[in-house]
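Residue numbers (my numbering), protein chains in the order written: chain A, 1 to 341; chain B, 1001 to 1341.
Where a beta carbon is used, it is the ideal one built from N, C-alpha and C, also for glycine.
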DNA sequence: TTGTACGCGTTATCAG
DNA sequence: CTGATAACGCGTACAA
């Protein structure tokens, strides 16, 4: 039977609605027998309380949402699971909200925040090149878990991120340490204040500190997708520079590039080495396996909800940044050039 | 300001709440000027109506949900987008519901169906080895878009799927036509009535019709993930059968197998050919590119909501099956054996 | 321990 | 065209 309500159950059990409510919500002040009886009736009748009505009442519900931009990103799906688990552990319910590539994540955030009377928000992905105005409209604490908020003003923004500059620096340094001298940089669109910009700086500094002059013609800017990787690889081959290694700012870019090099008859890692960022699940299963930077994703998830909950409780504890460590997944896409020549 | 309601807006504009409601919901009977004024006030005040209250009232809301099992499956994410777009086009709102790997998708379906007072449901993924009992508890129309419902009884079940038997048959036939005689079969767990079982039958029949005796020791059963692919490949190599081709029932299995073969020093496609199912985005970017079966995913999405909406409108039009066509994405993982020996 | 009655924020009805 | 007011289904004071 459709459209059953708490009243129907109450009637069935010859009790009042509040008793049914108490039974469902594990209230202490109820006769165990009555409770038993009611729960059985609910089970039998296959009754499920109306969610909207519930939320309407307890709009103090301890709920947060995770906003995911870029549903196809397999990197996120793992994190989402951890986020959900972590929330549950802390007694919060967690709702998932996907946002289309075209939509503005802040518009969505503000809307669902109010619609659902959320207590907090975790952002996954998106670019966050945001106007002050929108950010200040956000009335609940937020944690960005993709990009760092240092230098970003606004309401209650916190972030859990990696140090993009440093990681990129280290990655480049690693390559240099292996004897690579001419290293190209494959990346998506470089935006002021964006992750890619930071990674570019890290790359640049590592080069300079090693006494290798930075050559801007070695920076190949495209989009962050497979095809762009192919294209960039092709371009590099055509320009015929004697590059021995490539730093790609994302695994999918690196994977595309590997395909591109293959098509050009350039062998990875024999003719050219390549490294990525993200450590996608697939990266391990490629041939050759892709050397890449891995974020401690479970730690990231834990820190993110920890930070958010802190900010929810203490309104003034706002704007904390947490940097989580990363590690290098060394695989076969990099060649050791030392002792050659 | 937090927690604003329709009343606040009404007060601000010196009108009644119903007038505000009318302005928001595009009701015709309202003075354009009043409407203008109210909308401006809403905009200014940054007011967003409470979702729960809305849904509580219009529990006739035209909403359906998409249930996704296996969030990591990139194949689904594409389909989800199409489903959402298609729903919107038909004036339905569409909510996404992810279900954990451990959860029973029917339990979830029944629960959210009632919680949210949904009009219909689309299932993505999951195994559906379901008891009659649960299925009959489902009170709203459902469309399964992963598996075919032929032979499955129950409430209002419809499905959009591919003909797994036939596709597998054709794939095997294709390999045979290319001169392959000893063809192994890599698959996940074989369950009665499941897709894999059907694909196995297709493989089997293609073999037999070509006069090649079916050899059950050539069927390698594992799980549907990368590691299982590696393991199966390793097992095959160790057994040292002179297999020249492998049919894998999923791209990820095939990708894992490619890695496994590589590790064993077996070259794809020179020493062994391999084909998959799904045509994941990544399959195209592997080296060598994976030959695989592609479903017309946009068509699948369109058909799915079309079917669902039909079933929502005509309660008796239930239980229709739609088979959508597939195509072969021919890439480099298969070798033509003809004219050799 | 239990039941009655009110209110959550919204939309729909109906009388002005 | 507009404004009271009655639902929607549930949780919870408060009274019993």
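Here residue 330(A) is exposed, its C-beta having fewer than 16 other C-beta atoms within 10 Å. For the options 1216(B), 1201(B), 1249(B), the alpha carbon positioned closest to that of residue 1224(B) is the one of 1249(B).
When beta bridges are read from the DSSP output, residue 1045(B) appears opposite no residue. At a cut-off of 8 Å, the C-beta of residue 1125(B) has no neighbouring C-beta in chain A.
Apart from sequence neighbours up to five positions away, the residues of its chain that approach residue 1228(B) with a beta-carbon distance below 7 Å are 1222, 1253, 1256, ordered along the chain.
Scanning chain B for C-beta atoms nearer than 7 Å to the C-beta of residue 256(A) yields 1285, reported in chain order. Residue 294(A) sits in a strand when the DSSP states are folded into three classes. Nearest neighbour of residue 1012(B) by Cα position, chosen from 1199(B), 1043(B), 1206(B), 1210(B), turns out to be 1043(B). DSSP assignment within the region 223–296 of chain A yields the following whole alpha helix (DSSP H) runs of 4 residues or more, N-terminal first: 226–239, 251–263. The beta carbons of residue 139(A) and residue 301(A) sit no closer together than 8 Å. For residue 170(A), same chain residues with a beta-carbon under 7 Å away, outside a window of 5 residues either side, do not exist. With a beta-carbon spacing of about 6 Å, residue 19(A) and residue 34(A) fall inside the 8 Å limit used to define contacts. Residues are counted here when their Cβ sits less than 9 Å from a Cβ of chain B; for the region 26–55 of chain A these are 46, 47, 48, 49, 50, 51, 52, 53, 54, 55, given in chain order. Boundaries of the alpha helix (DSSP H) harbouring residue 1167(B): 1164–1177, taken from the DSSP string.
Closest option to residue 1240(B), judged by alpha-carbon separation, among 1272(B), 1258(B), 1213(B): 1272(B). Residue 339(A) and residue 200(A) have their C-alpha atoms some 28 Å from each other. Residue 251(A) and residue 279(A) do touch by the CB rule: their CB atoms are close to 7 Å apart, below 8 Å.
Positions of the alpha helix (DSSP H) runs, each at least 4 residues long and wholly inside the region 1074–1098 of chain B, are given as 1074–1089 in order along the chain.
In the structure shown, residue 1184(B) falls within a strand segment according to DSSP collapsed to helix, strand and coil. For residue 1033(B), the secondary structure class from DSSP, reduced to helix, strand or coil, is helix. Under the three-state reduction of DSSP output, residue 194(A) falls in the coil class, being neither helix nor strand.
If you draw a straight line from the Cα of residue 1293(B) to the Cα of residue 203(A), it is about 41 Å long.
What residue 1226(B) touches in chain A, judged by beta-carbon distance under 8 Å, is 281, 282, 284, 285, going in chain order. If you look at residue 1210(B), you'll find it isn't in any beta strand (DSSP E); DSSP assigns it neither H nor E. Within 10 angstroms of the beta-carbon of residue 28(A) lie fewer than 16 other beta-carbons, which makes it exposed. Residue state for residue 1143(B) is assigned as strand, using DSSP reduced to three classes. Residue burial is scored here from C-beta neighbours: residue 327(A) has fewer than 16 other C-beta atoms within 10 angstroms and is therefore classed as exposed.
In the DSSP assignment, residue 125(A) falls outside any alpha helix (DSSP H), carrying neither H nor E. Any Cβ of chain A closer than 8 Å to the Cβ of residue 1096(B) would place that residue at the interface, and such an atom is present.
In the DSSP assignment, residue 220(A) forms a beta bridge with 186(A).
In this structure, residue 62(A) lies away from residue 305(A), with their beta-carbon atoms at least 8 Å apart.
For residue 1321(B), the enclosing beta strand (DSSP E) covers residues 1321–1323. Under the DSSP assignment, residue 1021(B) falls in the alpha helix (DSSP H) whose first and last residues are 1017–1024.
For residue 69(A), there is no enclosing alpha helix (DSSP H); the enclosing beta strand (DSSP E) has its first and last residue at 63–69. Residue 120(A) is bridged by DSSP to 64(A). Residue 230(A) and residue 188(A) have their C-alpha atoms roughly 13 Å apart.
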